[in-house]
Amino acid sequence: MEIRHIDAEERVTTTFPLQAYAFDSSPLPPAEEEKFPEYVPYNSGNLTLAAVDAGTTLAAASAIPMRQNVRGSVYPMAGIAAVAAHPLARRQGHVRTLLTQLLGEMRDRGHVVSVLYPFRPSFYERFGYASLPKSRKVTFSPAGLGTLLRTDLPGEITLDRVKDGYPAYRDFTERLLEQRHGFAVFPDYRAVRLRDENRHWLVTARAAGDVVGALLYRIAAHGGDLLAETLLTTGPLGRALLLQFIARHVDQVSRVTVTVTPEELPELWATDLDTVTEARAAGPDSSAPMARVLSVDGLAGLAVGPGRLAVSVVDDPFIAGHYLLDGTSGKLDVARREDQSAGATLTAAGLSALVYGVLDPEEVAIRGLGTVPDRAAEELRALFPRRLPFVHSEF
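This is the structure we're talking about:
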């Protein structure tokens with residue numbers, strides 16, 4: 002068995018069939034398999050590794066070179082995708098070997114953090130990943146937004162097919178990348194798939210000439226459902242403009258389903274709006290995203306609180322070591338230490354959970370992701386205040 006780098010063209014006959022077996026209904030009809038070459042441009046810059054034996058692809062994994070906002074700083078991020086193994090080669094360590102090499106190569110290329118959507122979170126926790134919040138889906142009748150139709154809002158709405166409105170949409174996501182903790186975007190070669198497939202309407206809200214909201218959606222049937230992707234806004238005005246647009250469909254659709262970010266409270270959008278909001282996090286097809294730190298040194302300069310603590314990170318091939326983390330200046334200073342004494346001992350998953358702001362230091366200890374005495378917990382709590390990340394991109 003050997004580990005091989007697979008380029009995008011070669012994936013058509015090696016990793017795409019394996020990926021289809023793992024994630025699609027199978028066997029695929031021949032007409033669907035004939036579409037594999039169409040996917041090549043959208044994978045052209047990915048790093049893909051495959052475990053190959055006697056010409057048979059046993060397992061494969063890919064990394065997408067993305068960008069992600071972590072506490073206000075934008076870092077190169079490795080989006081791990083298409084992790085699959087042949088059914089006769091599963092549970093033989095091939096995926097573990099591939100992931101270790103893949104993450105190492107992406108770290109060496111300058112990727113400071115990594116995100117993935119797991120088939121089983123506990124498997125990836127052992128690779129240093131911590132779970133992030135799942136986006137929510139809210140379902141409601143457009144009739145519940147009737148009061149918005151009588152509200153005069155300062156702004157305007159435009160409606161396009163996504164292929165026509167794509168440049169403004171892409172620019173808007175780039176703005177949100179700079180503003181929102183956890184927000185991640187694809188590289189251009191992958192992002193344009195949304196434009197090329199052209200399967201959505203795009204409604205864009207503007208105020209004073211600036212985009213303040215955008216929503217991708219499609220309508221399933223007359224009298225049926227309006228199915229929308231994530232409600233992306235810069236604030237209340239953008240949200241209200243988009244919801245007002247949705248309210249205009251009261252005589253066309255009976256129900257609306259919109260994906261919302263974890264901090265949204267749809268039950269407060271309108272006085273008489275009845276909503277059902279849910280987050281389904283369940284493997285293997287609907288797991289919450291997970292993230293990890295690939296380089297502690299690469300986080301230097303991160304906006305943090307005034308904590309200061311020596312920590313040891315253990316049991317990880319990428320970030321194990323002894324560090325002094327100092328946030329007294331408001332920016333993270335990272336110094337490696339020869340002295341092995343530490344105020345807290347953390348796994349890679351424990352440190353990642355703190356950096357992304359999803360666990361309190363006490364929870365890190367309770368979850369078995371580190372040993373954190375009370376004094377150390379106070380410093381880590383000050384250093385890494387809780388935050389609510391939202392990844393946006395799904396892959």
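Numbers 2 to 396, taken from my numbering, label the letters of the sequence shown in order. In this text, a Cβ means the ideal position worked out from N, Cα and C, and glycines have one as well. Model, not experiment: these values are computed from the prediction.
Apply the 10 Å Cβ neighbour rule to residue i and answer buried if 16 or more other Cβ atoms are within range, or exposed otherwise.
i: ILE320; result: buried
i: PRO28; result: exposed
i: GLY331; result: exposed
i: MET2; result: exposed
i: LEU99; result: buried
i: ASN44; result: buried
i: SER394; result: buried
i: ALA61; result: buried
i: PRO66; result: buried
i: GLN245; result: buried
i: GLY308; result: buried
i: LEU300; result: buried
i: HIS223; result: exposed
i: SER136; result: buried
i: ILE7; result: buried
i: SER342; result: exposed
i: GLY225; result: exposed
i: THR262; result: buried
i: ARG293; result: buried
i: GLY56; result: exposed
i: PRO362; result: buried
i: LEU326; result: buried
i: GLU265; result: buried
i: ALA1; result: The structure shown does not extend to residue 1, since the chain is modelled only from 2 to 396, so the question has no answer here.
Does DSSP put residue i in a helix, in a strand, or in coil?
i: LEU274; result: coil
i: ARG376; result: helix
i: TYR170; result: helix
i: ILE247; result: helix
i: HIS6; result: strand
i: GLY322; result: strand
i: ASP252; result: coil
i: PRO301; result: Note on identity: in this sequence residue 301 is Ala, with Pro being the wrong assignment. In this structure, ALA301 counts as coil in the three-state DSSP scheme.
i: ARG293; result: strand
i: LYS332; result: strand
i: PHE391; result: coil
i: ALA131; result: strand
i: VAL314; result: strand
i: THR16; result: helix
i: GLU279; result: strand
i: GLU126; result: helix
i: ARG1; result: Only positions 2 to 396 of the chain appear in this structure, which leaves residue 1 out of reach.
i: GLU11; result: helix
i: THR258; result: strand
i: PHE141; result: strand
i: LEU160; result: strand
i: LEU146; result: helix
i: LEU266; result: coil
i: LEU242; result: helix
Assuming residue i and residue j form a contact by the criterion Cβ under 8 Å, report the distance between their Cβ atoms to the nearest whole angstrom.
i: ARG71; j: LEU227; result: The amino acid at residue 71 is misidentified as Arg; the sequence shows Val. So it is not a contact: roughly 34 Å between Cβ atoms.
i: ARG196; j: LYS164; result: 5 Å
i: VAL254; j: ILE220; result: 6 Å
i: THR278; j: VAL392; result: Incorrect: roughly 19 Å between the Cβ atoms, too far for contact.
i: ALA206; j: LEU217; result: Actually they do not touch by this definition, with Cβ atoms about 13 Å apart.
i: ALA248; j: LEU233; result: Actually they are not in contact, since the Cβ atoms of ALA248 and LEU233 sit about 18 Å apart, beyond 8 Å.
i: LEU310; j: LEU381; result: 6 Å
i: LEU59; j: ALA79; result: Actually they do not touch by this definition, with Cβ atoms about 22 Å apart.
i: SER296; j: GLY129; result: Not quite, the Cβ-Cβ distance comes to about 12 Å (not below 8 Å), so this is no contact.
i: LEU417; j: LEU238; result: The chain is shown from 2 up to 396; residue 417 falls before or after that span and cannot be answered.
i: VAL13; j: PRO38; result: 6 Å
i: LEU160; j: VAL193; result: Not quite, the Cβ-Cβ distance comes to about 21 Å (not below 8 Å), so this is no contact.
i: VAL116; j: ALA185; result: 6 Å
i: GLU242; j: GLY156; result: Glu is not the amino acid found at residue 242; the sequence shown has Leu there. The Cβ separation is near 5 Å, so the contact holds.
i: TYR357; j: LEU133; result: 6 Å
Please confirm if residue i has its CB atom under 8 Å from at least one CB of chain B.
i: GLY214; result: Absent from the structure: chain B. Only one protein chain is present.
(message) Count Cβ pairs between the segment 307-319 and the segment 340-355 that sit closer than 8 Å; are there 3 or more?
(response) yes
(message) So within the segment 31-112, which uninterrupted alpha helix (DSSP H) runs reach at least 4 residues, ignoring any that extend past its ends?
(response) Along the segment 31-112, the alpha helix (DSSP H) occurs as fully enclosed runs of 4 or more residues at 31-34 and 95-109, listed in sequence order.
(message) List, from N- to C-terminal side, the alpha helix (DSSP H) runs of 4 residues or more that fit wholly inside the segment 166-240.
(response) 189-192 and 194-198
(message) If contact is defined by three or more beta carbon pairs under 8 Å, each pair taking one atom from either stretch, is the segment 366-375 in contact with the segment 103-115?
(response) No: the two stretches stay apart, fewer than three of their Cβ pairs being nearer than 8 Å.
(request) Give, in chain order, every unbroken run of the beta strand (DSSP E) that is at least 3 residues long and sits entirely within the segment 337-371. (result) 345-348
(request) Say whether the segment 153-169 touches the segment 280-291, bearing in mind that this needs 3 or more beta-carbon pairs closer than 8 Å, one atom from each stretch. (result) no
(message) When you compare the segment 145-152 with the segment 266-275, are there three or more beta-carbon pairs, one atom per stretch, that lie closer than 8 Å?
(response) yes
(request) Say whether the segment 123-141 touches the segment 204-218, bearing in mind that this needs 3 or more beta-carbon pairs closer than 8 Å, one atom from each stretch. (result) no
(request) Indicate whether the contact test is met: 3 or more Cβ pairs, each with one atom in the segment 14-30 and one in the segment 81-93, closer than 8 Å. (result) Touching, per the Cβ criterion.
(request) Count the C-beta pairs between the segment 374-388 and the segment 49-61 that are closer than 8 Å, then say yes if the count reaches three, no if not. (result) no
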